Structure formats: structure tokens, C-alpha cells
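Colleague:
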Amino acid sequence: MHFIWLVYAAHMIGYWATVLASIAWDPDQCDAHCARKVLTNMTAYTIPATALFAWLVPEYGHLSLTHGIWQLPACVVLTDVLFYYPHRMLHTFQCLYPLHKAHHKWHRTMGMAALYADPFEHLVVNTAPPLAAALLKK
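This is how it looks when you write it as C-alpha cells:
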């Protein structure tokens with residue numbers, strides 16, 4: 005199995021575990037519309053993008069555990085940097101803000117809404133950064 009599917013599975017498990025924990029803590033955090041949109045983005049857009057990545061980027065099975073240990077924190081930092089700048093551009097340039105305003109539909113802070121976005125934003129801001137950071141696997 006290509007390593008990127010493990011990254012995707014870890015992301016899904018981590019995201020939904022956090023969301024379910026926040027709902028257990030505060031049931032008002034649950035919103036069916038938001039959950040449907042996030043699940044749609046994760047299945048209709050992230051899975052094909054991940055499959056394309058897996059097809060384009062070869063698997064590197066020869067890497068050591070030491071390589072994997074430094075790689076995880078490096079990928080987290082790189083993902084944050086690669087997320088920040090496109091997200092900042094969506095706030096800064098008025099012509100781009102309409103692509104981002106769906107994310108700000110929720111006036112109450114809730115973990116589930118972190119990935120609530122239109123497909124363009126989801127691919128460019130939420131999906132591309134971790135896939136690009138995964139190229140560190142080389």
C-alpha cells in the first residue's frame with residue numbers, strides 16, 4: 005500500500021476523533037449540514053487527489069525508521085506553512101474571498117467547521133498542503 009493512504013487514514017481518524025470528542029463535550033458542536041459537506045469534500049475530492057498523488061509519486065519502501073521519525077514533525081510544520089499562505093491570500097484579496105466565505109458561515113467556533121469549505125478551497129488549502137508535505141518522503 006502506498007504511504008499516502010496511511011497519511012490519509014491518519015488524517016481522517018484524527019479529524020473525526022477530535023470532532024466526536026468535541027461533540028461529546030458540547031453537543032451543540034454537532035451540525036448535520038456541516039458534517040455532510042466535510043464528508044463530501046473528504047470523499048469526493050480528497051480521495052481522488054490522494055489517488056492521483058499515489059499514482060504520480062512512487063513508493064519509497066527502502067527508507068529507514070530514522071527517516072520516518074524526523075519526517076513526521078517536518079511534514080506537520082511544512083503542512084502548516086503551505087496551508088497558511090493560500091488561506092491568507094483568500095482573506096487578503098477581495099477577488100478571492102468569495103471562494104473562502106463558505107468557511108466563515110459558522111459564527112460559533114466548532115471543530116467540525118475547520119474543514120467546511122467549497123471544493124476549490126478544500127483542494128487548494130486543505131488537501132494540497134499535506135500532499136505536498138508528503139513529498140518529503142523522498
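According to the working numbering, the sequence shown holds residues 5 to 142 in order.
All C-beta atoms in this analysis are idealised placements derived from N, C-alpha and C, irrespective of residue type, glycine included.
Keep in mind it's a predicted model, so treat the numbers as computed, not measured.
Measure the beta-carbon distance from L86 to P133 and round it to whole angstroms, keeping in mind my assumption that it falls under 8 Å.
Modeller: Contact holds; Cβ gap of about 4 Å.
Colleague: Around the C-beta of L149, are 16 or more other C-beta atoms found within 10 angstroms, so that it is buried, or is it exposed?
Modeller: Nothing in the structure corresponds to residue 149, since the chain is present only between 5 and 142.
Colleague: Determine the DSSP secondary structure at Y19, reduced to helix, strand or coil.
Modeller: In the structure shown, Y19 sits in a helix (DSSP, three-state: H, G or I).
Colleague: Out of L127, A136, A138 and A137, point me to the one whose CA is closest to T47's CA.
Modeller: The residue with the shortest Cα to Cα distance from T47 is L127.
Colleague: Straight-line CA distance for L24 to T70?
Modeller: Rounded to the nearest angstrom, the two C-alpha atoms are 33 Å apart.
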